[in-house]
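First comes the structure, then the notes that go with it.
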Amino acid sequence: MATTELLTGSEQPDAPRARRRSGGLSPLTRYLLVRLALVIPMVWILVTFVFFLMRVIGDPISAAQGGRLTPEQIDERKAAAGLDAPLIQQYWDYLTGILHGDFGTAMTDGRAISDVLIVNGAATLELAFWALLVAFSLGVPLGRLAARHRDTWPDATLRVFSILVYAAPVFFVGLLLKLAFVPLGLPVAGRASTSVELALQDVDPQTHIMIVDAILWGDPAYVWDVLKHAILPAIALGLLTGGIFLRLVRVNLIDTLRTDHVTATRARGIPERRVVKKHAYRNALVPVVTVMGLQVALLLGGAVLTETTFEWQGLGYTLADYLVKRDFIAVQGIVTVIAIIVAVASLLIDVIVAFVDPRVRF
Amino acid sequence: MISLLKSTRGLQRGMLVAGLILVSVFLILAVFAPWLAPYGFNETRVDGVPFGTQQPPSAEHWWGTTVGGQDVLSRVIYGARTAVAVIVLAVSFSLVIGVPLGLLSGFLSGPVDRALVLVMDALYAFPSLLLAIVVAIVVGGGSSGVVGGVLAAAIALTVVFIPQYFRVVRNATLAVKVEPYVDAARVVGTRTPRILFRHILANVRQSVPVIATLNASEAILTLAALGFLGFGIEPSSAAEWGYDLNKAMSDATNGIWWTGVFPGMAIVLMVMGVTLVGESLNDVLNPLLKARGGDTTTSDEEEISAEYAAAVAEAGLDSEVAEEAAAVDEDVRRVATLSLTDLAVTFRTGAAPVHAVKGVSFDVAPGEVVAVVGESGSGKSVTSRAVMGLLPATAVVSGSALLRAGSGGDSREMIGMSERKLRTVRGDQVSMIFQEPGTALDPVYTVGWQLVEMIRTHRDISKKEARARAVELLDLVGLPDPERRVDYYPHQLSGGQKQRVMIAMAIALEPDVIIADEPTTALDVTVQAAIIELLLDLRDRLGTAIVLITHNMGVVADVADRAVVMYRGEIVEQAPVDRLFAAPRHPYTRRLLDAVPHLGQGVGAPPVAEDAPAVLTMQGVTVEFAGRLGQPSFRAVDDVDLVVRRGEVLGLVGESGSGKSTLGRVAVGLQKATEGAVLIGDVDITSQSDRRLRSMRGRFGFVFQDPAASLNPHLTISECVAEPLKVQSDLSASDQRAKVAALLDRVQLPSSYAGRYPHELSGGQRQRVSLARALALDPDLLIADEPTSALDVSVQAKVLDLFSELQRDLQFACLFISHDLAVVDALANRVAVMRHGRIVEEGTRQEVLHAPREEYTRQLIAAVPVPDPAEQRRRRAARGALLTDVE
């Protein structure tokens, strides 16, 4: 290859790449297929882990009803739920059920877990959306600020702030917010006032995402009521995630500002603001997005606490509720659903990375 | 701890001290809780008198009482006890399980590793809190005692943390595993457990305290969350902050603040304390933030500077040479495009200021190529960056750099120019080409986009026009098919093509001066020749002044009109190149030129006798690397036959990617051959078991390229050299010491160096240690893989001298791998040329390097610039003929 250049002033693409072209798949397709292929065993491992962990506790019926029912009644119920079958048979049924979108039915209140996913999942999605909004608008600009003024007092202040935010558990932040805002009349529990919630949920639930439903309903008072309820939970969860974003953006931007290509861009006379905005920032985004993908798990974990603190009836709240009731069929279903959400989210992140970073695409 | 504190400064030290204080306070609370707390954590009455519920802070109850009627202060103090107990257990458990698992997984690789990674990644991706809850319920079901409760919580946290330790340790292991010093241990037959503990664990260890502290803070939070949700330790058996916060939640709406705020603050402060300590540890121990030992060349410099001072004193030339240099410039100054006068750069550091450049003056005229020459640390790159205003804020620049724009003749002072004005100069009047084309282009934009951005920053033209100009420029720099490649991302181009793009950017606005900082150092010689050709062609066409910064004397002789020689921040000599090479005045210049190996003046040994016993024989050796998913495998070495005889040095040359290093690794069994036979003496090592092979290891030595990486940073010099003796011989400890001392003496290192660590040595000294280690067992065969390419030329000359002296004395067979034909010419008996995994030509040094039969060898030799301007002009003319012949 190198000699060809000497002779003709041209380099051929290197050998492996040439072969890759002839492989038929574009690199992007290949990349996404590989990622997809990795997600499937990940979901399978988690689902299997959850299933067997749940069985270690014993059978769900005895766990939930032990002491309340006679042994005969328990056996009867176990037979009805298919729990007297051999473990491997149960595992197989469970897996095939998941493939058909059947995650089981709660014992305590008879709700289908798929229904829980739609109704309460929408609530969690809404909370996550608000929290991410807070986290991005807080973490990204502040991270940029800290990176650009590295080792000066704004940076020091922001570093301490990010540690403080990390060190404060969501429920403590929630408690402080309640202490501060109850006197100001801001709602501290639930997704909407009772009347609004009844109107939106029971009369005409369309998407189960309350803010969307409220807008569709068309009453500005309802929209405002729903928004008001979201403020404190969004701040509590958003602060936690935003602190992490701040650190991520700061570290990666500092690294990128040190790279050769940023120096080279400066040497071409590109204005500093543009250097940071177009060149440093876009490159810093690649690792940031990747790590943010891992934060989905943290967000869901944080959501359990936030939802419990603010009685926000999302997936986490429901999960904690079933856990307290020892309804392990429901727990198993919800945990499985969460595992799938995490896996899908990481796949989505990989797609986003591919769009930010051309090295993945081509 | 003290040394840790000492290694910090300013803000960092403040953070560390604050963290340590907080952690100590909580530790004291935990240990002495029964004595410090006014009441028991579950007490609700004293002498039969109830405390009362939700009482505000008072003299009896400083922090008030809870909804359950207990004293808040006592519960907070006892809560520290619970937290510390759980954290200590959880962190120890996960260390004990996670670290060995990660170490083994990373070291063994293969299917076990892949399965473990999959499981750990799945666990890692899952919300850790949910995992902890589920595990807590499973293990904690029913246990209500303190011990059971704490243990259950600790186990729940352990399950969550194991994947984290696993990941960190495994990744560190993978990184360390490929370090040359681990290969070096393997070459001499060190067993796996010894490699794991002595070499890998010692180097992985430093990432563990950081993650352990950071994990501890996460443990506090997770424990509190478990308690908050009601899945923690049974409330009657221990005080726990999270549980208290849960109980306080409903109080908050009623304005009762003391039940929640105090336990909450306890969590925040303890987590902050631990995090501050962890972050400081990370900053201090993070190897990325630590300068690699290899940057210090002090001892070499001292050695050379002593000689230098002596030579100068003897010749008494210093002022004379300087005067002459000034005289040269008088002629140029009147028309100079760029004139530097007394340029000085000082870096402010924590310790004494570093004077990187001291009073540098030279000029560049239009159409002239001035080479700035010097070894590492001479200040040549700092000078160019100072002109462009690209130095970090810690640099103080003084002196003058006058830029005469166009023919108008009005000069602008570049030093001290405002950032805004500098921007209009950069790229437009002065542009720069960088050393690494691979890292100097922004990877996320197409090359066309970057060209257009640059043009439109300085010229008011439309996007379409700028793009047309970009295509035109890419065509001008000889990028084939520019209409298509303008939309390529940098990673889609080869190294030479990327450097062409950089040059296109440098000439885009027809600047008056181009500063090229080692523009060809990262490229293969044939690509280097093409890039130099292009630069000269552009100079002729555009009349640009070029400042060429380089350490390569061949390139200087090839292209420069004048040369400026720098040493330790000062100019020692400047002269027209013909004069400089023909009659160097300054002793340093003379030494430098003497040290440069010169292709074609080879003084290498004559071929050894044909009947000398063969030490290494390769027959039909092929190495294939499995391709990534969906890709065919890659053949790195293709059907190679080779013989190296006793007392013979076989120089193996080739460009990057030719497979020469892989072949060297095959020869010592570091890499398995896919096909073919590798005979050491008459034993085929490809068919030997690892155990049998180990006993043969004493017969090989291996010297690696990077002197900084080929010695384990945690072992002293004598331990490094003694390792082969420990592994392979049964010498007593005192015999080993004597042997090590003899070896160090052999490589001309003072015996006082035995107790030093590698980072305390210079690059050249480290390479001597590598040589001593390779020779420890009196090997029959030495593989040297680019042993001097990371060294400065004067150090290289000394190491090569030592090498050939040892080789003559000890008569080992040597496979000397190098990309530098001149080095091989000075050293080898025979030469083999490799390309695309095949040997294209093989023969005696005279045959291959002086009368090559193969076209490729001829081109390779023609592309190497020799450090002699007159000869290089002749070669250039001849090369032109050769190249046109081919075309």
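Note that the protein sequences, when read in sequence, are chains L and Z.
No gaps in the numbering here: position 82 of the first sequence is 82 in full-length UniProt numbering, and each next residue is one more.
No gaps in the numbering here: position 850 of the second sequence is 850 in full-length UniProt numbering, and each next residue is one more.
We put the CB at the ideal spot given by N, CA and C, even for glycine.
For Pro576/Z, the uninterrupted beta strand (DSSP E) run begins and ends at 570–576, by DSSP. Nearest C-alpha to Ile839/Z among Leu642/Z, Arg845/Z, Ala878/Z: Leu642/Z.
For Leu129/Z, the nearest beta carbon of chain L is closer than 9 Å to its own beta carbon.
A direct Cα-to-Cα measurement between Asp481/Z and Gly837/Z gives close to 29 Å. Against Arg144/L, chain Z offers no close residue; the least beta-carbon distance is about 17 Å (beta-carbon pairs closer than 7 Å).
Around the CB of Phe328/L, 16 or more other CB atoms lie within 10 Å, so the residue is classed as buried. Arg773/Z and Val637/Z have their C-alpha atoms roughly 28 Å apart.
Within the stretch 145–190 of chain Z, the alpha helix (DSSP H) runs of at least 4 residues that lie entirely inside it are, in chain order, 146–177, 180–187.
Straight across, the Cα-Cα distance linking Val678/Z with Ser661/Z is about 15 Å.
Assignment of Ala545/Z by DSSP, reduced to helix, strand and coil, places it in the strand class. Using a Cβ-Cβ cut-off of 8 Å, Thr308/L is close to Phe228, Leu229 of chain Z, given in chain order. Neighbours of Asp260/L in chain Z, taken as residues whose beta carbon is under 7 Å from its own, are Phe434, Glu436, Thr439, Ala440 in chain order. Contacts between Pro443/Z and chain L, judged by CB atoms closer than 8 Å, involve His261, Asn283, Asp357, Pro358, Arg359 in chain order. Using a CB distance cut-off of 9 Å, Met42/L counts as an interface residue toward chain Z. Segment contact: the stretch 14–29 of chain Z against the stretch 270–277 of chain Z, three or more CB-CB distances shorter than 8 Å; contact assigned. Leu849/Z counts as buried, since no fewer than 16 other beta carbons sit within 10 angstroms of its beta carbon. About 6 Å separates the beta carbons of Ala563/Z and Val373/Z, which is inside the 8 Å limit, making them a contact pair. Listed in chain order, the beta strand (DSSP E) runs fully inside the stretch 626–704 of chain Z are 634–645, 649–653, 675–680, 700–703, counting runs of at least 3 residues. For Asp745/Z, the number of other beta carbons within 10 angstroms of its own is below 16, and it is reported as exposed. Under the DSSP assignment, Leu227/L falls in the alpha helix (DSSP H) whose first and last residues are 220–257.
In the structure shown, Phe172/L adopts helical secondary structure according to DSSP, grouped into three states.
Assignment of Arg361/L by DSSP, reduced to helix, strand and coil, places it in the helix class. Interface annotation for the stretch 326–348 of chain L against chain Z: Val331, Val335, Ile338, Ala339, Val342, Ala343, Ser346, criterion Cβ-Cβ distance under 8 Å. Beta-carbon to beta-carbon, Ala225/Z and Val150/Z are separated by about 16 Å, too far to satisfy the 8 Å threshold. Secondary structure in the stretch 139–171 of chain L: the alpha helix (DSSP H) runs of 4 residues or longer, each lying completely within the stretch, are 153–167 in chain order.
Interface annotation for the stretch 49–77 of chain Z against chain L: empty, criterion Cβ-Cβ distance under 7 Å. For Tyr317/L, the enclosing alpha helix (DSSP H) stretches over residues 315–324. The contact set of Glu453/Z on chain L, defined by CB atoms closer than 7 Å, consists of Ile270 in chain order. DSSP assignment within the stretch 213–278 of chain Z yields the following whole alpha helix (DSSP H) runs of 4 residues or more, N-terminal first: 241–253. Going by DSSP, Leu474/Z is part of the alpha helix (DSSP H) stretching over 463–476. Of the other Cβ atoms in all chains shown, fewer than 16 fall within 10 Å of the Cβ of Ala851/Z; this residue is therefore exposed. Nearest in C-alpha terms to Leu711/Z, of all of Tyr588/Z, Val345/Z, Leu771/Z, is Leu771/Z.
Segment contact: the stretch 301–309 of chain L against the stretch 118–136 of chain L, three or more CB-CB distances shorter than 8 Å; contact assigned.
Membership of Leu338/Z in the beta strand (DSSP E) is indicated by the continuous run 338–347. According to DSSP, Ser431/Z shares a beta bridge with Ile514/Z. Contact between the stretch 185–197 of chain L and the stretch 228–236 of chain L is present: three or more C-beta pairs spanning the two stretches fall below 8 Å.
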